[in-house]
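The structure appears below as structure tokens.
In my numbering, the protein residues as written are 1 to 577.
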């Protein structure tokens, strides 16, 4: 079976306490917690895995332990052309952590991609990764009580927020600062110009050059995983999942619903699968047009920004034709889709695809021929190939650094199994490469939708579902969102409710490497680099500049920062004396 040879390789070096399958291409191995780092390292670097997600879970009511699940996508390292595995699957490394000693050896020193996950496991469950290089809080705020871990089953009454801790008793978050005395500290946020949600960035600069960066996010953590536990059924979860992100909500809904469908072994009608794929690709189109437009606007190219958004309006009209709504909300349910597509709607969809393609081609040709625009993109925010390999980024961020990674290609799902998907790759690793990948993904989405319309199967769009998951069973769901791979992990609870839901959005895997993309660039490049990441997190209005030599600071508004980013004049740092 798929993945057996990887298990045999592990058994040659390690004791596997248990091996189980959740699906044909999903395998879980149980190991002793002390073997955890070496087993994950062997799969990651030795065989060619990538870290898709890590799940911490409170299973004391099931087996009297906590549990950790490191989920690896076995694809090949892809450092060189053709460096791919002939068998691709997901292997989950599981370890049980006793309640009396909730510690385990950190995997991060061997696999850097684990760092955020292990920090979060402590915040939410109190599981201590011994040897973790960065032990700061990740998710919980400074005023959250120490030793209160909200995803433990017995931690708190979820209806009430605990009283905040006085800052005098609870130390504030410590940003890491370079040792050099010749560095200017530039905090960006929690409100700043380039973001869609709050995020606190610190840029450490020598003159105008960024020598290092640190950042803190999760200012608007919504507790959606806790909300779902033991309360929501699966279709209600879909309603919640599609509201995780305002842009790629359908992608989250797909990943969530298909997790359940895989666990149940459902065969979804092909017509419903095709409609799902079209909806996903429409979402990819309008998301990529949004980012391409913003990447132009950040550099002062308002004309391209407006024209790309003009074309984007047609993609939203196409969404309304296919799904009945501009945002595709409420389309997908367990067992299929709620709405079919008619012949007249198919005809209109073809017309809109032609309008969208011709409009985009005309604008994009002008953009790439604009020397000033290209000079602002090329060579900026480079994601080194080895850094990318170490941190497991996804989507255009990793494909722009030369990696042929795409969930639709590596782990085809649904109707994508009937389509030919080739990942779009660029090798520069810079802003230009990431935006070019998005432009190619956009064109590919047009082709995929046309292909679905041409071979649209007949038949039903929904099947009745008989839920028969056993409590304690779990499964993975995934898809390729506009920003990259989304991962949903669900463990079944009692009465067809969820025991544990772990949602990992694509941006989560992209944040860890951003620090390295900022290094060596200028302050004026920072907004553009963050924009090219296409992060899914909230908008800010100010930046504080601090000269660490004398402790003096200056708060600048969004207009001043944007002006400097666009015209590269009137450096806001020069007058901090």
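For each residue, glycine too, the CB sits at the ideal point set by N, CA and C.
Remember, it's a predicted structure, so these values are computed and weren't measured experimentally.
Taking just the CA atoms, how far does residue j sit from residue i?
| i | j | result |
| --- | --- | --- |
| residue 258 | residue 382 | 35 Å |
| residue 555 | residue 203 | Only weak support is given to the placement of residue 555: the predicted model assigns it a pLDDT of 45, under 50, and the question is left unresolved by the model. |
| residue 386 | residue 474 | 33 Å |
| residue 271 | residue 442 | 23 Å |
| residue 360 | residue 398 | 24 Å |
| residue 128 | residue 367 | 50 Å |
| residue 2 | residue 415 | 20 Å |
| residue 199 | residue 209 | 21 Å |
| residue 439 | residue 64 | 50 Å |
| residue 5 | residue 534 | 37 Å |
| residue 394 | residue 479 | 11 Å |
| residue 219 | residue 164 | 15 Å |
| residue 589 | residue 66 | As displayed, the chain neither begins before 1 nor continues past 577, which places residue 589 out of reach and without an answer. |
| residue 244 | residue 222 | 9 Å |
| residue 145 | residue 174 | 17 Å |
| residue 232 | residue 446 | 36 Å |
| residue 59 | residue 411 | 29 Å |
| residue 155 | residue 140 | 14 Å |
| residue 256 | residue 77 | 27 Å |
| residue 548 | residue 526 | At residue 548, the pLDDT of 39 sits below 50, so the modelled position is not reliable; the number obtained from the coordinates is stated separately. Those two C-alpha atoms are separated by around 19 Å. |
| residue 324 | residue 246 | 17 Å |
| residue 373 | residue 357 | 22 Å |
| residue 18 | residue 262 | 21 Å |
| residue 429 | residue 392 | 14 Å |
| residue 159 | residue 101 | 29 Å |
Cβ of residue i within 9 Å of Cβ of residue j?
| i | j | result |
| --- | --- | --- |
| residue 239 | residue 330 | yes |
| residue 322 | residue 341 | yes |
| residue 75 | residue 46 | no |
| residue 424 | residue 451 | no |
| residue 29 | residue 92 | yes |
| residue 43 | residue 16 | no |
| residue 118 | residue 132 | yes |
| residue 70 | residue 40 | yes |
| residue 513 | residue 434 | no |
| residue 278 | residue 448 | yes |
| residue 380 | residue 521 | yes |
| residue 319 | residue 346 | no |
| residue 248 | residue 536 | yes |
| residue 516 | residue 384 | yes |
| residue 8 | residue 476 | no |
| residue 488 | residue 149 | no |
| residue 212 | residue 519 | yes |
| residue 57 | residue 72 | no |
| residue 153 | residue 52 | no |
| residue 315 | residue 294 | no |
Would you grab the beta carbon distance between residue i and residue j for me? Rounded to a whole angstrom, and I think it's under 8 Å.
| i | j | result |
| --- | --- | --- |
| residue 254 | residue 287 | The pair is not a contact, with the Cβ atoms about 14 Å apart (cut-off 8 Å). |
| residue 264 | residue 465 | 7 Å |
| residue 389 | residue 79 | 6 Å |
| residue 498 | residue 237 | 6 Å |
| residue 334 | residue 275 | Rounded, the Cβ-Cβ distance is 15 Å, inconsistent with contact. |
| residue 409 | residue 422 | 7 Å |
| residue 250 | residue 328 | 4 Å |
| residue 491 | residue 472 | 7 Å |
| residue 36 | residue 105 | 6 Å |
| residue 311 | residue 268 | Actually they do not touch by this definition, with Cβ atoms about 32 Å apart. |
| residue 376 | residue 528 | 7 Å |
| residue 151 | residue 226 | 6 Å |
| residue 426 | residue 400 | 5 Å |
| residue 493 | residue 147 | The Cβ separation is near 26 Å, so there is no contact. |
When DSSP builds the beta bridges, which residues end up paired with residue i?
| i | result |
| --- | --- |
| residue 212 | 204 |
| residue 85 | None; residue 85 has no bridge partner. |
| residue 479 | 486 |
| residue 296 | Partner(s): none; residue 296 has no beta bridge. |
| residue 70 | 54 and 93 |
| residue 30 | 18 and 94 |
| residue 129 | 104 |
| residue 502 | 489 |
| residue 337 | 332 |
| residue 462 | 336 |
Establish whether the CB of residue i and some CB of chain B are separated by less than 9 Å.
| i | result |
| --- | --- |
| residue 94 | The structure shown contains no chain B; it holds only a single protein chain. |
Comparing the CB of residue i with every heavy atom of the ligand SAM, is any distance shorter than 8 Å?
| i | result |
| --- | --- |
| residue 349 | Because no ligand of any kind appears in the structure shown, any question about the ligand SAM cannot be addressed here. |
Closer than 8 Å is the cut-off here; do at least three beta carbon pairs connect the stretch 76-89 with the stretch 109-120? no
Determine, using beta-carbon pairs with one atom in the stretch 94-104 and one in the stretch 387-404, whether at least three such pairs fall under 8 Å. no
Three or more C-beta pairs closer than 8 Å, one from the stretch 474-485 and one from the stretch 497-509: is that the case here? yes
Report yes or no: do the stretch 447-463 and the stretch 294-312 share at least 3 C-beta pairs separated by less than 8 Å? No contact exists between the stretch 447-463 and the stretch 294-312.
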